[in-house]
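*Asks:* Under mature numbering (1 follows the signal peptide of the UniProt record, and there is no 0), residues -24 to -1, 1 to 219 are what the sequence shown spells out, in order.
Let me give you the structure first, and then I'll get to my questions.
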Amino acid sequence: MKRIFILFLSLFALIGCQSTPSNQNLKDGTVTRMEKVKNYDGLIRHYKSELEQNEHDPKVKEKLAKAYFQKGDIESANFYVQYLRKKGIKTASLYQLEGQIFDADNKTENAINAYLSSIQSGNQSGHIHVLLGVSYAKLGKYDEAYEELNNARLRGYDDLAIKNNIAMIHMAKNEYEKAIGILAPALRSNPENEVLKSNLAIALMRDQQIDVAKQLLEDDFSKRELNSIASELGRSGVNHEEY
């Protein structure tokens, strides 16, 4: 079934003289550009090149692991993360990445433990609490999931991501009307958001509002495809989109 679904270098002149950007600044700019366009192969080549110059740098190995993870190469990402963990590296960012790898490998309990270690190591971001909340929800620990999403919200995390994930908890609890009540106004304010549209359509179909869901998706799918989607959702559980 078809899935529904989210540099400029400054030259400073001082009394007739120009300062030249340092090599480090040039490297940082290159990395920033590759990150923006999600050129993960380029990032991997870049960090491998840095390792050839300094094979013992744990920060470069962690960045390389993250690039592999973002590319979707979980095995390679895990190789570098576990190497660093065996070397005694215990940074908040490494624990978070380890948790994300565990989650991708459906080892949810291990992911939760890694996220908690990241927080204990000083990770104060909203993102870590969203990750932890999603993992709790996967285990059916909805009270803990709500708490972590609220923690993320209090840290200024993106409102749409929070609303979407709260709606997903309602859907997991078969509370489709509550999910619709969150997703519908969010989509009205952000009509181009495909993740919100996808999840709202699923909630509507699971709430037996089939015609409304089809109307929502009519510009994206043919009538035949919509009928197939509705039929599939009627036979099976929901596999919704998360942020």
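No residue lacks a Cβ here, since even glycine has one placed at the ideal position from N, Cα and C.
In whole angstroms, what is the alpha-carbon distance linking L40 and I88?
*Replies:* 23 Å
*Asks:* Which stretch, first to last residue, makes up the alpha helix (DSSP H) that contains G109?
*Replies:* G102 to K114
*Asks:* Compute the Euclidean distance between the alpha carbons of S174 and G48, then round it to the nearest angstrom.
*Replies:* 22 Å
*Asks:* Within a Cβ cutoff of 8 Å, which residues of the same chain sit near N169, ignoring the five residues on either side of it in sequence?
*Replies:* Answer for N169: I(-19), L136, A162 and L163, listed in chain order.
*Asks:* Using the beta-carbon count (16 or more within 10 Å), is G98 buried or exposed?
*Replies:* Exposed is the call here.
*Asks:* For H32, count neighbouring C-beta atoms within 10 Å of its own C-beta (all shown protein chains included) and say buried if the count is 16 or more, exposed if not.
*Replies:* exposed
*Asks:* Are there 16 or more other CB atoms within 10 angstroms of the CB of D119, so buried, or fewer, so exposed?
*Replies:* exposed
*Asks:* Rounded to the nearest angstrom, what separates L180 and L19 at their Cα positions?
*Replies:* 41 Å
*Asks:* So is G64 buried or exposed if we call it buried at 16+ other beta carbons inside 10 Å?
*Replies:* Around the beta carbon of G64, fewer than 16 other beta carbons lie within 10 angstroms, which makes this residue exposed.
*Asks:* Whose C-beta lies closer than 7 Å to the C-beta of Y23 among residues of the same chain, with five residues either side of it excluded?
*Replies:* Correct list, in chain order: V36, K39, L40 and A43.
*Asks:* Given a cut-off of 8 Å on the beta-carbon distance, is the pair A143 and L130 in contact?
*Replies:* Between A143 and L130, the gap from beta carbon to beta carbon reaches 8 Å or more.
*Asks:* In terms of alpha-carbon separation, which member of S165, N127 and R182 lies closest to K154?
*Replies:* R182
*Asks:* Please list, in chain order, all residues of the same chain as G75 whose beta carbon is under 7 Å from its beta carbon, the five residues on each side excluded.
*Replies:* Beyond the five residues adjoining it in sequence on each side, G75 comes within less than 7 Å, by CB distance, of A87, A90, Y91, S94 and L107 in the same chain, given in chain order.
*Asks:* Do you know how far the Cα of I138 is from the Cα of H103?
*Replies:* 10 Å
*Asks:* On a CA-only basis, which of Y133, D79 and Q96 is nearest T67? Give me that one, please.
*Replies:* The option with the nearest alpha carbon to T67 is Q96.
*Asks:* What first and last residue would you give for the alpha helix (DSSP H) that runs through K39?
*Replies:* P34 to K47
*Asks:* Rounding to the nearest angstrom, what Cα-Cα distance links N141 and I178 in this structure?
*Replies:* Going from the Cα of N141 to the Cα of I178 covers about 14 Å.
*Asks:* Which word fits Y152, buried or exposed, when buried means at least 16 other C-beta atoms lie within 10 angstroms of its C-beta?
*Replies:* buried
*Asks:* If you draw a straight line from the alpha carbon of R(-22) to that of Y59, how long is it in whole angstroms?
*Replies:* Any reading at R(-22) needs caution, since the residue's pLDDT is 45, under 50, leaving its predicted position unreliable; the model's value is listed next. Each residue's alpha carbon lies about 36 Å from the other.
*Asks:* For R9, would you say it is in contact with chain B, using Cβ-to-Cβ distances shorter than 8 Å as the test?
*Replies:* You won't find chain B in this structure, because it holds only one protein chain.
*Asks:* Would you mind working out which of R9, L202, S198 and K117 sits nearest I186, comparing C-alpha positions?
*Replies:* Closest in C-alpha terms to I186, from the list R9, L202, S198 and K117, comes L202.
*Asks:* Can you say whether N150 is buried or exposed, counting buried as having 16 or more other CB atoms within 10 angstroms of its CB?
*Replies:* exposed
*Asks:* N(-2): buried (16+ other C-beta within 10 angstroms of its C-beta) or exposed?
*Replies:* Bear in mind that a pLDDT of 49 at N(-2), under 50, signals an unreliable position, so the number given afterwards is only what the model happens to contain. N(-2) is exposed by the Cβ-count criterion.
*Asks:* Is E38 a contact residue of the ligand FAD, with contact defined as CB to any heavy atom under 7 Å?
*Replies:* Ligands are entirely absent from the displayed structure, and the ligand FAD is therefore not among its contents.
*Asks:* May I ask you to report which of helix, strand or coil DSSP gives K66?
*Replies:* K66 falls in the coil class under three-state DSSP.
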